[in-house]
Amino acid sequence: MKISIGNDHAGPDYKLAIVKHLESKGIEVINHGTDTFDSVDYPDFVHPVANDVENGVVDFGIIICGSGNGVAMSVNKHQKVRAALCWIKEIAVLARQHNDANIISLPARYTSIQQCIEMVDAFLNTAFEGGRHQNRVNKIACK
1 MKISIGNDHA
11 GPDYKLAIVK
21 HLESKGIEVI
31 NHGTDTFDSV
41 DYPDFVHPVA
51 NDVENGVVDF
61 GIIICGSGNG
71 VAMSVNKHQK
81 VRAALCWIKE
91 IAVLARQHND
101 ANIISLPARY
111 TSIQQCIEMV
121 DAFLNTAFEG
131 GRHQNRVNKI
141 ACK
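The sequence shown: position 128 = 128 (UniProt numbering), numbered continuously.
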C-alpha cells in the first residue's frame, strides 16, 4: 500500500506520528506536508495529495489541518477525490464503506494523535461495500 500525506502548520506532529505508524506496518508514505509550525497556506500542501490520488500514484491520501475543513474543501475540488472529514473511528469506517472515500481529513486541534492513528487504521482497513452505495458514489463528481 502507498499513501500520500499533507498537512499545514497545525499538524506536523500528527503527520510525523502517523507516518511512523504507517511505515512500521510496511506502508510507503509520500510526504507533501510542512514539518514546521510556521503558518502556511494549506492548499499548497494538500493539492499534491489530491493529485497523487487522482493520478493513481497512491492508494489513499491523508490530510491534516486544525479543523480538517479547509483541507477537505480544497481536495474535494478534484473530480476523482472523495475526502471525508473524520472526527471518530466510526465515521472513518462509514466514509469507506458507504462513500468509497479515498482521502481522510483529520482535525488536529480537536482530536488526539492516538485518535487520528486509530481513524487512519480504520479507514485503510475498511473496504467499500459497493452495491446500493455505488450508484450514489457515481453521482458525487460534477460532470
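Every residue gets a Cβ at the ideal spot worked out from N, C-alpha and C, and that includes glycine.
Computed from a predicted model, the values in this text were never measured in an experiment.
For Phe-60, the enclosing beta strand (DSSP E) covers residues 60-65.
Within its own chain, the residues whose Cβ lies closer than 6 Å to the Cβ of Val-71, once the five positions on either side in sequence are excluded, are Tyr-42, Val-46, Ile-63, Cys-65 and Ser-105, listed in chain order.
Around the C-beta of Asn-69, fewer than 16 other C-beta atoms lie within 10 Å, and the residue is accordingly described as exposed. Looking at Ala-10, Asn-51 and Ile-5, the one whose alpha-carbon comes closest to that of Ser-39 is Ala-10. Sorting Arg-82, Arg-109 and Val-49 by C-alpha distance to the C-alpha of Phe-128 places Arg-82 at the top.
Residue range 89-99 is occupied by the alpha helix (DSSP H) that includes Asn-99.
Using a 10 angstroms sphere on the CB of Thr-34, the tally of other CB atoms reaches 16 or more, which defines it as buried. Here Ser-105 is bridged, per DSSP, to Ile-63 and Leu-85. Between Val-93 and Thr-36, the alpha-carbon positions lie close to 30 Å from each other.
Only residues of its own chain outside the window of five on either side were considered, and among them Lys-2 have a CB closer than 6 Å to the CB of Glu-28, listed in chain order.
Here Lys-15 is buried, its C-beta having at least 16 other C-beta atoms within 10 Å. Assignment of Glu-118 by DSSP, reduced to helix, strand and coil, places it in the helix class. Counting along the chain, the unbroken alpha helix (DSSP H) around Ile-18 starts and ends at 12-24. The shortest CA-to-CA distance from Ile-103 to any of Gln-79, Lys-139 and Arg-136 is the one to Gln-79.
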